[in-house]
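The structure appears below as structure tokens.
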Amino acid sequence: MNTDWQAIRFTVNGVSCTVHAPPMKRLLDVLREDLHLTGTKEGCGEGECGSCSVRMNGDLVNSCLVPVLQAEGAEIQTVEGLSLDGELSVLQEAFLQHGGAQCGICTPGMLMAAAQLLTRTPHPTTAEIREALAGNLCRCTGFMGIFASVAAAAEAQAAAPAAETARHAR
Ligand code: FES
Ligand code: FES
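The opening position of the sequence shown corresponds to residue 12 in this note's numbering, with each subsequent residue numbered one higher.
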């Protein structure tokens with residue numbers, strides 16, 4: 012296995028960047044340590060909890076399981092990419108208003124999973140919301156506030172669909 016540091020290029024939240032890192036360094040650690048994007052959280056570190064979820068080339072991935080080498084040339088979106096010019100997205104506002112977050116460790120991953128759902132399924136049923144978030148664990152909320160937040164965001168998004176869908180799709 013080649014452990015030499017390499018220059019790896021990718022795009023994060025629309026900004027091109029180059030990091031110099033061991034190719035097997037976890038994308039999670041590169042985001043947090045090299046790029047100082049600390050919104051993405053580590054829970055289990057084993058692909059089980061979803062706290063570290065980011066979007067890579069439009070797919071939801073657990074960044075604790077992705078060697079940074081796999082991100083070469085990729086487009087990555089982290090939770091920092093949901094807000095625009097310091098303004099929270101409709102989805103983030105909904106989590107704030109409907110009890111979607113308590114300690115906050117699971118919240119960035121929940122938001123990314125929910126953003127992924129709302130991009131692909133703008134009008135999800137309750138069952139679809141539960142299924143989309145099934146890979147994300149929360150120890151605090153009992154989940155009902157999270158499901159309510161996503162449903163509220165979907166409703167709000169229906170009122171301003173183009174802008175919000177475009178934001179989630181970034
Ligand atoms: S920290 Fe990555 S899935 Fe739990
Ligand atoms: S809000 Fe604490 S783990 Fe979900």
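Cβ atoms here follow ideal geometry from the backbone N, Cα and C, with glycine treated the same way.
Since we're looking at a predicted model, the values are computed, not measured.
Spatial neighbours of residue 28 in its own chain (CB-CB distance under 8 angstroms, excluding positions within 5 residues in sequence) are listed in chain order as 20, 21, 22, 46.
Residue 130 sits in a helix when the DSSP states are folded into three classes. Taking residue 91 as the centre and dropping the five residues before and after it, the same chain places the C-beta of 24, 48, 50 closer than 8 angstroms to its C-beta, in chain order. With a cutoff of 8 angstroms on beta-carbon distance, residue 52 and residue 120 are scored as near each other. For residue 145 and residue 79, the gap between their C-alpha atoms comes out near 25 angstroms. Annotation for residue 19: the continuous beta strand (DSSP E) segment containing it runs 17-23.
Between residue 74 and residue 38, the beta carbon gap of about 4 angstroms places them in contact (Cβ cut-off 8 angstroms).
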